[in-house]
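What follows is a short report on a single structure.
Protein chains: 2
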Amino acid sequence: MRNTWLELPAGTGFGLANLPYGVFSTPGTPPRTGIAVGDDVLDLAAATGDDVHATGSLNAFLARGPAAWRELRAQLTEWLTDDRYRARVEPHLLPRDGVTMHLPVEVADYVDFYSSRHHAENLGRILRPGSPPLLPNWEHLPVGYHGRAGTVRVSGTPVVRPAGQRPGTPPTFGPTERLDVEAEIGFVVGTPSELGTPVPLGDLAEHVFGVCVVNDWSARDVQAWEYAPLGPFLGKSFLTSVSPWVVPLAALEAARVPAPARDVTLLPYLDDREHPWGLDLTLELRLNGQLVSCPPFADMYWTPAQQLAHLTANGAALRTGDLFASGTVSGPRHDQRGSLVELSEGGTRPLTLADGTTRTFLEDGDEVTVSATAPGTDGGRISLGEVTGRVVAHPIREE
Amino acid sequence: MRNTWLELPAGTGFGLANLPYGVFSTPGTPPRTGIAVGDDVLDLAAATGDDVHATGSLNAFLARGPAAWRELRAQLTEWLTDDRYRARVEPHLLPRDGVTMHLPVEVADYVDFYSSRHHAENLGRILRPGSPPLLPNWEHLPVGYHGRAGTVRVSGTPVVRPAGQRPGTPPTFGPTERLDVEAEIGFVVGTPSELGTPVPLGDLAEHVFGVCVVNDWSARDVQAWEYAPLGPFLGKSFLTSVSPWVVPLAALEAARVPAPARDVTLLPYLDDREHPWGLDLTLELRLNGQLVSCPPFADMYWTPAQQLAHLTANGAALRTGDLFASGTVSGPRHDQRGSLVELSEGGTRPLTLADGTTRTFLEDGDEVTVSATAPGTDGGRISLGEVTGRVVAHPIREE
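Here you go:
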């Protein structure tokens, strides 16, 4: 580990190899950009005097592009390692437990993929028993769809149990009875692209600034009834939660691994043999504090570079603030599944929690936390932080 | 017709009963808000001196809400009818053929519905021959999905033929061979709503500012291969074109008609007997200038009020600038179909154009225009303007 004048807690996931960006405020002060370091947050607006960090979202800084991202990261490292900067920087460190975190990015378009083979196969088995678990297109392209950007919220946002149409003859309207989670990783676009110009998969790091943890809350009964033929809509659009800290892609160099072997020859625009962007992140899914799953991101069939290349292959433009998520991360083992519908086999095999209660789907009051870590460039582990949310009962009102 | 000091062309669709909002510029001047009146545009930024009209999009004005919309509409009517205002207002009228129109609204979330029964049945017959043309959910809820907000562009934007994966064994990558149009009506949200608070269908006019014409360009081969199970993605996301003039909902009072009879009892949140929002708009679809279809909007099974109620039934928040579109408008007759895949029966029955050439799907160089009109409150017809686009060949590059 690099020397620093900072006193970092032992085993912190927020050492100098991380330096993630977020938007915070303290009582009576406006939201501004900060860097998580140890148990503190560095007030970047105050420390740099650059107004780009005082806008209340990362977008303006992200729009400056990769050279600016690299430059600031190098400067931060210098500030935090060279004792000469201590007097200047230290006054702008605030204890992280005293700040409020905000949505880090004003989300432009939100796309959600479906790139874990294990997840897709598990859902196929559960939803279409007797048929091949994967649909024919799945191995040829990263299946994905657009979600609702306007309901992406920061970790901690209460999860009000949504109402919707539930299957039945006739269908009924009421609070979802199958409220679920999806443990995912999200990728935040900084550099836009022109309409009509695809982004090749080798250009991931030119466009994607960083990574966060995502929980794509899902109402499985609503989703099951509504989704044919145009895909998920209200079963997803009530809330998507993201972790408050965006870890720069530059901090994940040591996490890069080859992608899994593919079963079919990929079309040239998806052929990633020269640009492997597998990422060895480990997710942890906790229900009321109890660890219920450890989904391994390294197993993902499609990488973020392929997702970005696919998403733009038709010439679709990127904007600063675009967020694309991996889809539920599930590994081959039962305790690596990233959603309750998988962990409970479609609601047929309840999980037993430490307090003796059982769960198929979420109950009111349940709290779900997804966190992730990665190997850092200094040999330690870095933290992507966590995304958490507690389920609130559906409000009683006339429907 | 109301008296006015303006000299309006006979039969103009842009009389005092219309007064639609758009964003325009002239050479060397910045984009600002204007009102179409006759063959002119009224420079609203200059005429009012209100900076809200100088922002380059309608969003800031839309965010002021329905009282402000009503107030300005009343003021405009007074200005344009009372001779005392002539000297003040007339200098701010510019010939419309000398201005450039811009995207009127910075689109927040874009949702596309599928609310024409005739369209859904036509597609069902074409795509799933031998099965019931409507899926079981269709009569119970307005099926819809999120599209890409970042590729919504103003009328006139070139339609670069997109590339994508086309079905085959194996699939191939290349320019779409089934480039299609979808004639639709779009609804622009002005007033936002809170996360967790559904918008009842009686509140449409509190939230929706106005209406535009939409062409949701579609690559049918790409769409057919990619869409299961998460819905359309790259087959749509390359471009959605909108007309430059947003007609206030207030201008469509005379167009309101009951919705068609429904075949099933609707759930209470969709029961619109007390809030009928059928709209008697007539669309016209032209291919290279030739009228090929006149889709009747009054036939739509689901109204915009139901679409808005459904879209928010799970508590999803609205933002200023949200755009939701009707889905392809098709009537019962063949010459009322709003897409080429319907007009050509899935590409099996080419249309013959006036020049003797035939079309199943679009060829490079083809120009498509969708326009719409409605009965106005003054007994005449008002125009929603048009959305047009010309197909440009896919650029040759290494894929």
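Protein sequence lines, in the order shown, are assigned to chains A and B.
If you read the first sequence in this note's numbering, its first letter stands for residue 481, the second for the next number, and so on.
If you read the second sequence in this note's numbering, its first letter stands for residue 481, the second for the next number, and so on.
For each residue, glycine too, the CB sits at the ideal point set by N, CA and C.
Residues of the segment 643-667 of chain B whose Cβ lies closer than 8 Å to any Cβ of chain A, in chain order: So the close ones are A643, G644, Q645, P650, P651, T652, F653.
Where the alpha helix (DSSP H) containing D701/B begins and where it ends: Note, D701/B: alpha helix (DSSP H), 700-706.
Members of the segment 784-808 of chain B that neighbour chain A once the beta carbon cut-off is set at 8 Å: Taken in chain order, the members of the segment 784-808 of chain B whose beta-carbon sits within less than 8 Å of a beta-carbon on chain A are H790, L791, A793, N794, G795, A796, A797, L798, R799, D802.
Three-state secondary structure assigned by DSSP to A730/A: helix
C-beta neighbour in chain A for A588/B, strict 8 Å: For A588/B, the answer is yes, since a Cβ of chain A falls inside 8 Å of its Cβ.
Which residues DSSP lists as bridging S863/A, in chain order: T853/A
Residues near G836/B by beta carbon distance below 6 Å, same chain, minus five either side: none
Selection from L729/A, E733/A, G758/A, A731/A that minimises the alpha carbon distance to R742/A: G758/A
Interface flag, N539/B vs chain A, CB-CB below 8 Å: N539/B does not count as touching chain A.
Proximal chain A residues relative to P712/B, where beta-carbon distance stays under 7 Å: L710
C-beta contact flag for A778/A and D760/A at 8 Å: yes
Proximity winner among R829/B, G807/B, H790/B, relative to N695/B (alpha-carbon distances): G807/B
L607/B to E822/B span [Cα, whole Å]: 11 Å
Proximal chain A residues relative to W705/B, where beta-carbon distance stays under 9 Å: P616, N617, H620, L621
Inter-residue Cα distance where the pair is A704/B and G856/A: 42 Å
7 Å CB neighbourhood of G811/A in its chain, flanking five on each side removed: Setting aside the 5 residues that flank it on each side, G811/A is surrounded in the same chain by H598, P775, P776, D779, each with a C-beta closer than 7 Å to its C-beta; the list follows chain order.
Contacting positions in the segment 837-867 of chain B - beta carbon closer than 7 Å to chain A: none
Unbroken stretches of the beta strand (DSSP E), 3 residues or longer, contained in the segment 502-570 of chain B: 512-517, 520-523
N- and C-terminal bounds of the beta strand (DSSP E) containing G624/B: 624-627
Segment limits, alpha helix (DSSP H) that includes L684/B: 684-687 is the span of the alpha helix (DSSP H), which, as asked, contains L684/B.
Beta-carbon neighbours of F689/B, restricted to chain A and to distances below 7 Å: Within 7 Å Cβ-Cβ: nothing; F689/B doesn't reach chain A, min ~17 Å.
Cβ of R605/B within 8 Å of any chain A Cβ: Proximity of R605/B to chain A, defined by a Cβ-Cβ separation below 8 Å, is not satisfied.
Chain B contact for R568/A (CB, 8 Å cutoff): no
Sub-8 Å separation of A852/A and I665/A beta-carbons: Judged by their CB atoms, A852/A and I665/A are nearer to each other than the 8 Å cut-off.
Three-way DSSP call (helix, strand, coil) for G690/A in this model: strand
Burial state of N794/B, where buried means 16 or more other Cβ atoms lie within 10 Å: Counting the other CB atoms within 10 Å of its CB gives N794/B a total of 16 or more, which places it among the buried residues.
Residue(s) in a DSSP beta bridge with A805/A: D592/A, G666/A
Inter-residue Cα distance where the pair is V569/A and A527/A: 6 Å
Alpha carbon of P738/A to alpha carbon of P511/B, nearest angstrom: 48 Å
Where H572/A sits in the DSSP three-state scheme: In this structure, H572/A counts as helix in the three-state DSSP scheme.
R564/B burial status per 10 Å Cβ neighbour count (16 or more: buried): exposed
For E879/B, three-class secondary structure by DSSP: Confidence at E879/B is low in this model, with a pLDDT of 46, below 50, so the placement of that residue should be treated as unreliable; the coordinate-derived value is given next. Coil.
Between the CA atoms of T840/A and S505/A - distance to the nearest angstrom: So the alpha carbons of these two residues sit roughly 37 Å apart.
Residues near T484/A by beta carbon distance below 7 Å, same chain, minus five either side: L496, L560, T561
CB of R701/B within 8 Å of CB of E657/B, strictly: It should be noted that the sequence gives Asp, not Arg, for residue 701/B. Cβ distance < 8 Å, so D701/B and E657/B count as in contact.
DSSP three-state assignment for F653/B, whether helix, strand or coil: strand
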